[in-house]
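J.:
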Amino acid sequence: MRILTVLPFLMLPFLILAACASPAPEMFGAARHDITLDGIRFAVFQKGNEAEVIRLGYLTREQRARVPELMMQAAARTTGCAAIPGSLITRLPGDTGEARVSLDCRGPA
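Note that the sequence shown covers residues -18 to -1, 1 to 91 in mature numbering (1 follows the signal peptide of the UniProt record, and there is no 0).
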């Protein structure tokens, strides 16, 4: 019974961490941009010609279908660079929580 009383307090640090977006270690020091597209919040971390896009908040399986395209838009709109088509990569196949996008930051030709 005592374990059930203590368990919520042990879970608190994990819940706090889950509520904030942090970049992957190789993106530490990256510029952070926040954007909301179609009601979905994203944090975009840009470092050079690469962006890490993190979806914030919970979505059902059905709601996740449009997220990869929104991640590409989020990277382009927040960084001012063109998101290179086909460059979106996730660490876990099909994951819509985090992705990397290659950017073309050369500006208009």
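Here a beta-carbon is modelled for each residue, glycine too, at the ideal position from N, C-alpha and C. Predicted model, so just to flag it, every value in this text is computed and none were measured.
State the DSSP-derived secondary structure class of Arg82, mapped to helix, strand or coil.
T.: In the structure shown, Arg82 sits in a strand (DSSP, three-state: E or B).
J.: Return the chain-ordered list of same chain residues with a C-beta closer than 7 Å to the C-beta of Ile71, the five sequence neighbours on each side being excluded.
T.: These residues qualify, in order along the chain: Ala81, Arg82.
J.: Output the distance between the C-alpha atoms of Gln55 and Thr42, rounded to the nearest integer angstrom.
T.: Each residue's Cα considered, the two are about 20 Å apart.
J.: Using a Cβ-Cβ cut-off of 7 Å (strictly less than) and excluding sequence neighbours within five positions of Leu38, which residues of its own chain qualify?
T.: The answer, listed in chain order, is Ala3, Arg23, Phe24, Ala25.
J.: Using a 10 Å radius around the Cβ and a threshold of 16 neighbouring Cβ atoms, would you call Leu74 buried or exposed?
T.: It counts as exposed.
J.: Under the three-state reduction of DSSP, which class applies to Glu34: helix, strand or coil?
T.: Strand.
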